[in-house]
Structures are given as C-alpha cells and as structure tokens.
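S.K.:
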Amino acid sequence: MLRDRGNIKWTAMMLPEHLEALRQWHEEDNQIPRPELSEWDLMEIQEEIDLGYKRKCLVEVQTWRAGDIRKHTGVIVDVDVTGKRIRVDEGWLDVCEVVGVG
Numbered sequence: 021m022l023r024d025r026g027n028i029k030w031t032a033m034m035l036p037e038h039l040e041a042l043r044q045w046h047e048e049d050n051q052i053p054r055p056e057l058s059e060w061d062l063m064e065i066q067e068e069i070d071l072g073y074k075r076k077c078l079v080e081v082q083t084w085r086a087g088d089i090r091k092h093t094g095v096i097v098d099v100d101v102t103g104k105r106i107r108v109d110e111g112w113l114d115v116c117e118v119v120g121v122g
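First residue of the sequence shown: 21, per my numbering; consecutive thereafter.
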C-alpha cells in the first residue's frame, strides 16, 4: 500500500529560496487591494470626520496600509489640515490612508 506524506515529502527537495517564495506568495494572497474611493465617498468621509471632531463623539476610522485594513476607534482630538492628518486617541492617522469612517 502506497502512503503519501503530502508536502512533507517534497519539502526536502525544495530550495530555501523556493520555500520563501511560496510563503511570500501565500502572504500576497491574503492582502486586500486598496479600495477605490469616488468623490462622493471622499466627501462622506470628510463630513464624518468633521462631525466627529465637532461633536467629540466616538468614531471608528478605517485605514488601509500595505494590503491591510485596520480599525482605529476613539474620539477625534485634532485635525491638521496642512499636514493632512487627524489625531485620534491612539495617535495620528494620515488622511490619505483613511478609507472609511463610522
């Protein structure tokens, strides 16, 4: 009877460069492409940031960086128009990375 060991059987025959390329390939599969935002979406994000800043209420800011979307929750403390960034409780966020506000 023939027993197959799957990938274990083939890993000894692969070069370390091949294994690294396979790991990198799997990581790239999990990356999320940057969402394409229309002018309407950008205006909506701007209004949500403005309302959150004026009302000092809790907001959830979604940012995209290097294939990953992260959620930052907090109160918008400051808006730096010249630096194009906003400050939430946990730190500064670049406006160009913001893809959603809720």
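Don't be surprised by glycine CBs; every beta carbon is placed ideally from N, CA and C.
How should L113 be labelled, buried or exposed, when 16 other C-beta atoms within 10 angstroms of its C-beta is the threshold for buried?
M.R.: By one-based count along the sequence shown, residue 113 stands at place 93. Classification for L113: buried.
S.K.: Per DSSP, which one or two residues make a beta bridge with L62?
M.R.: Indexing the sequence shown from 1 puts residue 62 at position 42. L62 pairs with nothing; no bridge assigned.
S.K.: Pick out whichever of H92, Y73, D61 and E64 has its Cα sitting closest to the Cα of D100.
M.R.: Counting from one through the sequence shown, the residue named residue 100 turns up at place 80. The shortest C-alpha separation from D100 is found at Y73.
S.K.: Given 8 Å as the limit, is there contact between the stretch 85-103 and the stretch 45-55, that is, 3 or more CB pairs closer than that?
M.R.: yes
S.K.: Taking its Cβ as the centre, do 16 or more other Cβ atoms sit within 10 Å of D97, making it buried, or is it exposed?
M.R.: Residue mapping note: residue 97 aligns to position 77 of the sequence shown, counting from 1. In the sequence as presented, Asp is not what sits at residue 97; that position holds Val. Sixteen is the threshold: since fewer than 16 other Cβ atoms of the shown chains lie within 10 Å of the Cβ of V97, the residue is exposed.
S.K.: Among the candidates R54, E40, H38 and P36, whose CA atom is the shortest distance from the CA of Q82?
M.R.: Taking the first residue of the sequence shown as position 1, residue 82 is located at position 62. Closest option to Q82, Cα to Cα, is R54.
S.K.: Using only CA atoms, which one of C116, H92, D109 and E110 lies nearest to G103?
M.R.: Here residue 103 refers to the residue found at position 83 when the sequence shown is read from its first residue. Comparing Cα-Cα distances from G103 to each of C116, H92, D109 and E110, the minimum goes to C116.
S.K.: Can the beta-carbon of I106 be found less than 8 Å from the beta-carbon of I69?
M.R.: If you number the sequence shown from 1, residue 106 lands on position 86. If you number the sequence shown from 1, residue 69 lands on position 49. Contact: yes.
S.K.: Run through the DSSP bridge pairs and tell me what G72 is partnered with.
M.R.: As a working mapping, residue 72 is identified with position 52 in the sequence shown. BP columns for G72 are empty, so no partner.
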